[in-house]
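Undergrad: Supplied in structure tokens, the structure appears directly below.
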Amino acid sequence: MNIHSSPQINRQLTASVATISNHGSLELTKGSLIEATVQRVADSLAWLNVEGKIFVARLEIPLQAKQQITLEVADVTSSQIKLRLAEDTTGLQSQTTSPIVTHNLETQLMSWGLEADDINLSITKTLLTHNQTINPTDIETVRALWRGLSSSISLSATEGAETIAHLFARQLPINKEAVSLAHAYLNRVPNISPQFTELRSTLSQAYNQIKQLSHPSLSQLSHLLETTLNQAASWMISADAPPAENAARLANLVATMGTAPESELANHLLQIKNPSSSGGSEGGTSPTVIIESSAMVDSPSLTILTSGRTPAAPPVTNPLYQLATAITKTLDAVNDGSLDIDQAETQTLHRLVRQLDSVSNTLGAMQLSNLGHTPNLAVEPYYLFPIPLATPDGSHTAHLKIYRQPGHNTIDPDNLRLALLLDLPELGQMAINLSIHQSERYLNGQILSGREQTHHLASTELNQLHDQLATLGYRVGTLTTGLLEANDPLTITNNATQLSPISLTQINVRA
7 MNIHSSPQIN RQLTASVATI SNHGSLELTK GSLIEATVQR VADSLAWLNV
57 EGKIFVARLE IPLQAKQQIT LEVADVTSSQ IKLRLAEDTT GLQSQTTSPI
107 VTHNLETQLM SWGLEADDIN LSITKTLLTH NQTINPTDIE TVRALWRGLS
157 SSISLSATEG AETIAHLFAR QLPINKEAVS LAHAYLNRVP NISPQFTELR
207 STLSQAYNQI KQLSHPSLSQ LSHLLETTLN QAASWMISAD APPAENAARL
257 ANLVATMGTA PESELANHLL QIKNPSSSGG SEGGTSPTVI IESSAMVDSP
307 SLTILTSGRT PAAPPVTNPL YQLATAITKT LDAVNDGSLD IDQAETQTLH
357 RLVRQLDSVS NTLGAMQLSN LGHTPNLAVE PYYLFPIPLA TPDGSHTAHL
407 KIYRQPGHNT IDPDNLRLAL LLDLPELGQM AINLSIHQSE RYLNGQILSG
457 REQTHHLAST ELNQLHDQLA TLGYRVGTLT TGLLEANDPL TITNNATQLS
507 PISLTQINVR A
């Protein structure tokens, strides 16, 4: 966890480590132990009492109010003190994080006003595992993404939510094919070596069978099988080879075969018709992967919820694409009766289709996984915009925070996270937090007030606000009110990033 005593501290993230600004108030040396008490937990922050002084910590493990922890000093510099959970609190740590205590997470979810059902618990555990931190906005965002894709993916609710949370946590694009690839990767870490071995064997069998037929219409397929078989010798990945060597070879294979996370081959194989009745157990229908977008890697947006297929044109030199095209024509000819070949050859071609599809998607899944990265928490998480206000008692300035995508300088206009900060004489301090999922016209909101009378006014008008948002076409999930904590002033830093680094096209202004 990162512990800091002011918002200006440069937070440095190290797994299971806390950092305190070394301002001399704590006399600590490397190896010494300190006791801390969790005062309260809000969003992804915890307020810790260390020797009577309060420090704010960004959570990497789930904590609860009144919990006591022991921290060991890992390092002391002139500016920072790094802490980690002491070894003698291993029992406490294991109770908290390994396995993650479901009861603690249920309590945390309910404290945020979120339903503690299996879907939210699955999302929360996955986010916590990958990011070592959780907050209600991320959970609601993943839940909304799952809701938008649930009807089009063939996974259970918890499996789908877990897979989407995995993609979200690693800042990967989210669409139907990405979910399919990620689910395959999570449930069976792909072993590419035996797949290439089986593919080469089937290529050899298919080539020998088709060559013996000596049918003029099969000459192109025979030539492509021979060419692909010769190239297959360079595809072999040895399980005994050094990992760095295999990684380099896989990178070349992905480029050579054109198997990016949106595999052109898999997209093309969607067009292959199922055989009528000529297939036996080996020649049954071949599994295909549903693909929604062929531009996933090119998009700067974290989430892509597409509604139509936009296949990219595969390179003509792609051996797998050329072979898949020839197989498609051959199987179509068999299905319409214009080509008569034995069931054995048909079964081999269907098996080859399945293996080509499997290899393609394994490479895509591995590439997709390798594209993921953890957020750079040193990046300021939002852009800040001043908003001039004219009120009866004079001019004032509100501030609008538009949160970036985790670890990026960009804003996802389809999944906006906003905070409007006000400090007015007649109302006092207010913070209005909104999460807007524009593609679904779905939002969640929270209105926090610094004064009891303002809080009462906001609560009284809540139903009317709910109706007005519905009139604008938004489906409202949760819309709540609350009080700002007394020690949570709405501070506006002067060094926040201003409008100039981004363009208005990055912001959905109407939302």
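Our numbering applies: residue 7 is where the sequence shown begins, and numbers increase by one.
In this text, a Cβ means the ideal position worked out from N, Cα and C, and glycines have one as well.
Source: prediction; values computed, not measured.
(1) Given a cut-off of 8 Å, decide if residue 486 and residue 452 are closer than it, judged by their beta-carbon atoms.
(2) Ordered along the chain, which non-local residues of its own chain (more than five positions away) have a Cβ less than 6 Å from that of residue 431?
(3) Per DSSP, which residues does residue 44 bridge with? Please list them.
(4) At which residue ranges does the region 102-188 contain complete beta strand (DSSP E) runs of 3 or more residues, listed in the order of the chain?
(5) Specify, as a first and last residue, the run of the alpha helix (DSSP H) that residue 210 falls within.
(6) Alpha carbon to alpha carbon, what distance is there between residue 230 and residue 331?
(7) Relative to the C-alpha of residue 36, which candidate in 130, 61, 198, 82 has its C-alpha closest?
(8) Nearest by alpha-carbon distance to residue 433: which of 358, 216, 490, 470 is it?
(9) On the three-state DSSP scale, how would you describe residue 30?
(10) Let me know if residue 336 comes out buried or exposed under the rule of 16 or more other beta-carbons within 10 Å of its beta-carbon.
(11) Which of helix, strand or coil does DSSP assign to residue 59?
(12) Please determine, among 146, 178, 188, the residue with the shortest C-alpha to C-alpha distance to residue 159.
(13) Starting from residue 228 and walking both ways along the alpha helix (DSSP H), at which residues does that stretch end?
(14) Using a Cβ-Cβ cut-off of 8 Å (strictly less than) and excluding sequence neighbours within five positions of residue 476, which residues of its own chain qualify?
(15) Just grab the DSSP bridge partners of residue 449 for me.
(16) On the DSSP bridge assignment, give the partners of residue 411 in chain order.
(17) Please report the Cβ distance between residue 427 and residue 405, rounded to the nearest whole angstrom; I am assuming they are in contact, meaning their Cβ atoms lie under 8 Å.
(18) Smallest Cα separation from residue 408: which of 479, 438, 397?
(19) Going along the chain, which residues of its own chain have a beta-carbon closer than 7 Å to the beta-carbon of residue 132, five neighbours each way excluded?
(20) With which residues is residue 76 paired in a DSSP beta bridge?
(21) Please identify the residue among 117, 463, 411, 156 whose C-alpha is closest to the C-alpha of residue 179.
(22) To the nearest angstrom, report how far apart residue 216 and residue 387 are at their CA atoms.
(23) Starting from residue 463 and walking both ways along the alpha helix (DSSP H), at which residues does that stretch end?
(24) Along the beta strand (DSSP E) that carries residue 429, what are the first and last residues, could you check?
(25) Apply the 10 Å Cβ neighbour rule to residue 363 and answer buried if 16 or more other Cβ atoms are within range, or exposed otherwise.
(26) Tell me the residue span of the beta strand (DSSP E) that contains residue 397.
(27) Give me the Cα-Cα distance between residue 164 and residue 124, rounded to the nearest whole angstrom.
(28) Closer than 7 Å by C-beta to residue 513: which residues in its own chain qualify, once you throw out the five before and the five after it? Chain order, please.
(29) Would you tell me roughly how many angstroms separate the C-alpha atoms of residue 470 and residue 478, rounded to the nearest one?
(30) According to DSSP, is residue 366 part of a helix, a strand, or is it coil?
(31) Using the C-alpha atoms, what's the distance from residue 166 back to residue 435?
(32) My guess is that residue 235 and residue 209 are in contact by the Cβ rule of under 8 Å, so how many angstroms apart are they, rounded?
(33) State the beta-bridge partners of residue 435 as determined by DSSP.
(34) Under the three-state reduction of DSSP, which class applies to residue 406: helix, strand or coil?
(35) Applying the criterion that 16 or more other CB atoms from any shown protein chain within 10 Å of the CB defines a buried residue, is residue 394 buried or exposed?
(36) Starting from the Cα of residue 345, find the closest Cα among 457, 221, 468 and give me that residue.
TA: Looking at the atomic coordinates:
(1) The sequence position of residue 452 within the sequence shown is 446, counting from 1. The sequence position of residue 486 within the sequence shown is 480, counting from 1. Yes, Cβ-Cβ distance for residue 452 and residue 486 is below 8 Å.
(2) For the purposes of this step, residue 431 is taken as residue 425 along the sequence shown, with counting starting at 1. Closer than 6 Å at Cβ, skipping near neighbours: 399.
(3) Stepping through the sequence shown from its first residue, residue 44 is reached at position 38. 54, per the DSSP bridge assignment.
(4) none
(5) In the sequence shown, the residue the question calls residue 210 occupies position 204. Looking at the DSSP string, the run of the alpha helix (DSSP H) that includes residue 210 is 198-219.
(6) Numbered from 1 along the sequence shown, position 325 holds the residue referred to as residue 331. Numbered from 1 along the sequence shown, position 224 holds the residue referred to as residue 230. Rounded to the nearest whole angstrom, the CA to CA distance from residue 331 to residue 230 is 10 Å.
(7) If you number the sequence shown from 1, residue 36 lands on position 30. Closest by alpha carbon: 82.
(8) Within the sequence shown, residue 433 is the residue found at index 427, counting from 1. Of 358, 216, 490, 470, the residue nearest in Cα terms is 490.
(9) If you number the sequence shown from 1, residue 30 lands on position 24. Summary for residue 30: the model assigns pLDDT 48, below 50, so the residue's position carries little reliability; its value from the coordinates is reported in the next sentence. Looking at residue 30 - three-state DSSP - the assignment turns out to be coil, as it is neither helix nor strand.
(10) Within the sequence shown, numbered from 1, the residue matching residue 336 stands at position 330. The residue is buried, with at least 16 neighbouring Cβ atoms inside 10 Å.
(11) For this step, residue 59 is matched to residue 53 along the sequence shown. When secondary structure is reduced to three states using DSSP, residue 59 falls in the strand class.
(12) Residue mapping note: residue 159 aligns to position 153 of the sequence shown, counting from 1. Comparing Cα positions, the closest option is 188.
(13) In the sequence shown, residue 228 corresponds to position 222, counting from 1. Run containing residue 228: 225-238, per the alpha helix (DSSP H) assignment.
(14) Here residue 476 corresponds to residue number 470 of the sequence shown, with the count starting at 1. Hits under 8 Å: 482.
(15) Within the sequence shown, the letter at position 443 stands for residue 449. Residue 449 is bridged to 442, 482.
(16) If you number the sequence shown from 1, residue 411 lands on position 405. Per DSSP, none; premise fails for residue 411.
(17) As a working note, residue 427 is residue 421 in the sequence shown. As a working note, residue 405 is residue 399 in the sequence shown. That pair is a contact at about 5 Å.
(18) Along the sequence shown, read from residue 1 onward, the residue named residue 408 stands at position 402. Relative to the Cα of residue 408, the nearest Cα in the group 479, 438, 397 belongs to 438.
(19) Position 126 of the sequence shown holds residue 132. Excluding positions up to five away in sequence, the list reads 168, 171, 172, 175.
(20) As a working note, residue 76 is residue 70 in the sequence shown. DSSP output for residue 76 lists 41 as bridge partner(s).
(21) The residue labelled residue 179 in the question sits at position 173 within the sequence shown. Of 117, 463, 411, 156, the residue nearest in Cα terms is 411.
(22) On the sequence shown, residue 216 is found 210 positions in, with the first residue counted as 1. On the sequence shown, residue 387 is found 381 positions in, with the first residue counted as 1. Computed Cα separation, rounded: 60 Å.
(23) To locate residue 463, count along the sequence shown from 1; it is residue 457. Looking at the DSSP string, the run of the alpha helix (DSSP H) that includes residue 463 is 458-466.
(24) The count along the sequence shown starts at 1 and reaches residue 429 at position 423. Run containing residue 429: 421-430, per the beta strand (DSSP E) assignment.
(25) By 1-based counting over the sequence shown, the position of residue 363 is 357. The Cβ neighbour count for residue 363, taken over all protein chains shown within 10 Å, is at least 16; the residue is labelled buried.
(26) In the sequence shown, residue 397 corresponds to position 391, counting from 1. 388-397 is the extent of the beta strand (DSSP E) around residue 397.
(27) Working through the sequence shown from its first residue, we reach residue 164 at position 158. Working through the sequence shown from its first residue, we reach residue 124 at position 118. Distance between the alpha carbons of residue 164 and residue 124 is about 7 Å.
(28) On the sequence shown, residue 513 is found 507 positions in, with the first residue counted as 1. Confidence in residue 513 is poor, its pLDDT being 28 and thus under 50, which makes the residue's placement too unreliable to answer from.
(29) Here residue 470 is taken as the residue at index 464 of the sequence shown, counted from 1. Here residue 478 is taken as the residue at index 472 of the sequence shown, counted from 1. Rounded to the nearest angstrom, the two C-alpha atoms are 13 Å apart.
(30) Your numbering for residue 366 matches position 360 in the sequence shown. DSSP places residue 366 in helix when its eight states are reduced to three.
(31) As a working mapping, residue 435 is identified with position 429 in the sequence shown. As a working mapping, residue 166 is identified with position 160 in the sequence shown. Here the alpha carbon of residue 435 sits roughly 40 Å from the alpha carbon of residue 166.
(32) In the sequence shown, residue 235 corresponds to position 229, counting from 1. In the sequence shown, residue 209 corresponds to position 203, counting from 1. Between residue 209 and residue 235 the Cβ distance is about 5 Å, and since that is below 8 Å, they are a contact.
(33) Locating residue 435 in the sequence shown gives position 429, counting from the first residue. Paired residue(s): 429.
(34) Locating residue 406 in the sequence shown gives position 400, counting from the first residue. Note: residue 406 maps to strand in three-state DSSP.
(35) Translated into the one-based positions of the sequence shown, residue 394 becomes position 388. The residue in question, residue 394, is exposed, as its Cβ has fewer than 16 Cβ neighbours within 10 Å.
(36) Translated into the one-based positions of the sequence shown, residue 345 becomes position 339. For residue 345, the nearest C-alpha among the options comes from 221.
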